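Read through the structure below, which is laid out as structure tokens, and then see the notes.
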Amino acid sequence: MNTKVKELIAVACAHVTQCPYCIDGHTKRAKKAGATAEELAEAIFVAASLRAGGALAHSCIAIEAFEEK
């Protein structure tokens with residue numbers, strides 16, 4: 000993988016781990032490596048879909064807890 004792809008992956012990972020410093024640094028490095036705004040958005044959307052999956056899975060815990068007698 001080239002540097003641009005590695006940095007876009009790092010941007011996505013930083014969004015999943017919710018690290019603002021990592022988001023800032025890897026976004027700047029991705030841009031420097033030639034990433035476009037569209038590529039950056041795509042990486043972020045992939046991360047958002049991963050986080051949504053976790054939220055959906057954990058929502059079952061909340062529903063089960065609420066329904067306990």
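Count the sequence shown with numbering that gives the first Met the number 0 and you get residues 0 to 68, in order. We put the CB at the ideal spot given by N, CA and C, even for glycine. Every value quoted in this text rests on a predicted model; they were computed, and no experiment measured them.
Query, Result
"How many whole angstroms separate the CB atoms of residue 5 and residue 33, which I take to be in contact at a CB cut-off of 8 Å?", "Contact flag wrong, Cβ pair sits at about 12 Å."
"Just tell me which of 49, 58, 10, 0 has its CA closest to the CA of residue 38.", "10"
"Let me confirm a value: residue 7 is counted as buried when at least 16 other C-beta atoms fall within 10 Å, else exposed. Which label applies?", "buried"
"What runs of the beta strand (DSSP E), each 3 residues or longer, lie entirely inside the region 6 to 56?", "none"
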